[in-house]
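Comments concern the structure below.
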Amino acid sequence: MRNTKWMVLCLLIGFVMASAMMSTIPIYMNASLQRMLVKDLESFQTEYEIYPGAYNTSYGLKMDISGSEQQKAVENYNNKVEAKFKELGLPEKLDKKYISDEYLYVRSLAVSDGNSQARFTLGGMTDISDHISIKQGRMFTAGKRSDGVYECVATEKA
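Quick note: the sequence shown, position 17, residue -1 per the working numbering, numbers continuous.
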């Protein structure tokens, strides 16, 4: 009878210790993974001399409103994004804004039966010359030319 009480007590102590060890594994794993992530980000920053992070947002715009209302909506959204980013309190190493319309259709091309209209994406980026490298040709001239044409940059896919 006396041995049984000691065995039960040892079993209880062992169970408590095993439970304590099992409950700390997620905490330990989280801390070790966090440390690995920080080390990887630091080595990336040292190697490439850039900060490895991005703050991306997207916004859908209604097309049933006038052009001036669309412009106001984009400006309001831009102001909200800048305010939210400042609330984060993170250093800004690089600022780039990219606005695009992915659903533009070419009306001047004839569409045969069974085919859909030609679609293209039009986009604009702030300080594009700082973010790209020209492989062929030259950099576009900003604004409208004297003949009424806007120059652009096309990707290799185009």
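By construction, the Cβ of each residue, glycine as well, lies at the ideal position given by its N, Cα and C atoms. Since the model is a prediction, treat every value here as computed from it, not as a measurement.
For I110 against V135, the beta-carbon gap comes to about 7 Å, under 8 Å, which counts as contact.
Judged by DSSP in its simplified three-state form, K75 adopts coil rather than helix or strand. As the crow flies, the alpha-carbon of H113 is around 16 Å from that of P34. With three or more CB-CB distances shorter than 8 Å, the region 58 to 73 counts as touching the region 29 to 43.
Within the model, the alpha-carbon separation for K139 versus S14 is close to 42 Å.
DSSP, reduced to helix, strand and coil, places T(-14) within a helical segment of the structure shown. Per DSSP, the beta-bridge partners of Y80 are M107.
Between the alpha carbons of A55 and D77 lies a distance of about 21 Å. Distance check between M45 and each of R17, M3 and E84 places E84 closest, using alpha-carbon atoms only. Shown here, F26 sits in a helix according to DSSP, grouped into three states. Of Y30, A2 and E133, the smallest CA-CA separation from R120 is found for E133. Here R127 carries a coil assignment [DSSP, helix/strand/coil].
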